[in-house]
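To keep things clear, I will list the structure first and then write my remarks on it.
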Amino acid sequence: MKSQDIAIVGILLAVGAIVRYLSLVIPGPIVSNLVIAFYCLAIILVVPTFTEVIGIGVVAGIICALLSHSIFPPANLISEPVGAVVCLVTYKSLMNRLSLSPAVATLLGTLASGITFVVVAMLLVTSSILTKYATMGAFVAAIIPIVGLTAIANSFIAQILYVPASKVLARGKA
Numbered sequence: 026m027k028s029q030d031i032a033i034v035g036i037l038l039a040v041g042a043i044v045r046y047l048s049l050v051i052p053g054p055i056v057s058n059l060v061i062a063f064y065c066l067a068i069i070l071v072v073p074t075f076t077e078v079i080g081i082g083v084v085a086g087i088i089c090a091l092l093s094h095s096i097f098p099p100a101n102l103i104s105e106p107v108g109a110v111v112c113l114v115t116y117k118s119l120m121n122r123l124s125l126s127p128a129v130a131t132l133l134g135t136l137a138s139g140i141t142f143v144v145v146a147m148l149l150v151t152s153s154i155l156t157k158y159a160t161m162g163a164f165v166a167a168i169i170p171i172v173g174l175t176a177i178a179n180s181f182i183a184q185i186l187y188v189p190a191s192k193v194l195a196r197g198k199a
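For our numbering, add 25 to where a residue sits in the sequence shown, where the first one is 1.
Laid out in structure tokens, this is it:
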């Protein structure tokens, strides 16, 4: 990855971290994760290799785990690399065929990350979940709408920011 690409990814992850930090005022076992919107945008702008996208996901996972009040913050270390890979694969398959490919890639990346987070939490901290929710079904019913709404919000954010960001980056290459 070129140094300019590293800078782009770093800046977008930093913006995501700031937004994540500010979102900590919202109570709950899981909160919307706008870090995903920013790492997806970074992936879409840079189109890194598979190995590089895993690295982006791991860094995003560390940010999310450190800045979290969710039911199981370490789950981000698994869910964010999964979301990053899904974003890359989706974007690469759609980038020359669909003008809304940034939105679709971000939507699917966010859904993959959120669902992975829920599954990992359910598997590893069942007892903690059951102290807050009567059943696992109640936990899933409370969490899935948050994941879905976050995916929709993230897809809008990434699509809206993609156009000006790609124009700025195109000017820098001229």
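We put the CB at the ideal spot given by N, CA and C, even for glycine.
What's the call for residue i, buried or exposed, on a 16-neighbour Cβ count within 10 Å?
i, result
"Y46", "exposed"
"P73", "buried"
"N179", "buried"
"A159", "exposed"
"P170", "exposed"
"T156", "exposed"
"G35", "exposed"
"F75", "exposed"
Where does residue i fall in DSSP's three states?
i, result
"R122", "coil"
"V72", "coil"
"L59", "coil"
Kindly give me the distance between the Cβ atoms of residue i and residue j, rounded to whole angstroms, as I take these residues to be in contact under 8 Å.
i, j, result
"I168", "V143", "5 Å"
"M147", "I140", "11 Å between Cβ atoms; not a contact."
Does the distance from the C-beta atom of residue i to that of residue j stay below 8 Å?
i, j, result
"I33", "V71", "yes"
"L136", "V129", "no"
"I69", "A183", "yes"
Give me, in chain order, the residues of the same chain whose beta-carbon lies closer than 7 Å to that of residue i; leave out the 5 immediate sequence neighbours on both sides.
i, result
"V40", "F63"
"S126", "Y116, L119 and M120"
"V188", "none"
Between residue i and the rest of its own chain, which residues show a CB-CB distance below 6 Å, the 5 nearest in sequence each way excluded?
i, result
"V44", "L59"
"G134", "C65, G108, V111 and C112"
"A176", "L132, T135 and L136"
"V145", "A100 and I103"
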